[in-house]
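Colleague:
Residue numbers (the numbering used here): 81 to 242.
#1: When you compare the stretch 142–158 with the stretch 170–189, are there three or more beta-carbon pairs, one atom per stretch, that lie closer than 8 Å?
#2: Quick one: Cα of residue 233 to Cα of residue 93, how far?
#3: Inspect the CB distances between the stretch 213–230 and the stretch 194–202 and report whether three or more fall short of 8 Å.
#4: So, at 8 Å on beta carbons, what are the nonlocal neighbours of residue 145 in its own chain, with the 5 sequence-adjacent residues on each side left out?
#5: Given that a residue counts as buried once 16 or more other Cβ atoms are within 10 Å of its Cβ, and exposed if not, what is residue 133?
#6: For residue 157, write down the residues that DSSP places opposite it in a beta bridge.
#7: State the DSSP-derived secondary structure class of residue 215, mapped to helix, strand or coil.
#8: From the DSSP secondary-structure annotation, give me the bridge partner or partners of residue 206.
#9: For the candidate residues 208, 192, 90, whose alpha-carbon lies nearest to that of residue 103?
#10: Report the rounded CA-to-CA distance for residue 83 versus residue 129, giving the unit in angstroms.
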């Protein structure tokens with residue numbers, strides 16, 4: 081495959097998923113990046129070539145935290161996309177000339193915090209924080225905005241409906 085082709089598997093696709101994991105009390109799971117110390121975020125990752133972004137969201141959640149969305153009622157598609165400029169230090173991961181990414185936002189509502197298993201190659205720590213603190217800690221504006229929208233998006237986790 082040629083290096084300039086958009087679907088060249090040597091490069092990441094400029095399409096990603098952001099998964100905001102939160103509890104009924106609006107505590108939010110954040111992960112600290114291994115390749116960007118002191119930078120915190122929700123679960124995020126690129127869709128593989130030909131992979132639907134919803135499938136990528138579930139895969140990234142499982143890979144980065146050990147959480148299986150299906151066991152917790154599944155992901156909610158927030159029907160929201162963000163387009164942003166890719167940080168210069170990460171552009172080499174994308175096809176030549178790619179400067180922007182489209183991120184699709186999902187949420188996972190849980191009754192309470194659950195155990196998390198991080199991948200040391202990707203993350204060095206995690207924290208469950210109240211939503212305002214989590215939003216303030218995020219380095220990404222799109223992640224911060226998604227967390228700030230939680231009070232209006234909150235849904236009851238599976239099995240807790242009244």
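Cβ atoms here follow ideal geometry from the backbone N, Cα and C, with glycine treated the same way. Please read all numbers here as calculations on a predicted model, not as lab measurements.
Modeller: For this structure:
#1: Touching, per the Cβ criterion.
#2: Across the structure, residue 233 and residue 93 are spaced so that their CA atoms are roughly 28 Å apart.
#3: Contact between the stretch 213–230 and the stretch 194–202 is absent, with fewer than three C-beta pairs closer than 8 Å.
#4: For residue 145, where only same-chain residues beyond five positions count, the Cβ hits under 8 Å are 101, 109, 111, 123, 196, 197, 198, 206.
#5: With 16 or more neighbouring CB atoms inside 10 Å of its own CB, residue 133 falls in the buried class.
#6: Residue 157 pairs with 186.
#7: In the structure shown, residue 215 adopts helical secondary structure according to DSSP, grouped into three states.
#8: Among the bridge pairs identified by DSSP, residue 206 is matched with 111.
#9: Comparing Cα-Cα distances from residue 103 to each of 208, 192, 90, the minimum goes to 192.
#10: In this prediction, residue 83 scores a pLDDT of 44, lower than 50, which makes its location untrustworthy; the coordinate-derived value is nonetheless stated afterwards. Spanning the two alpha carbons is a distance of roughly 15 Å.
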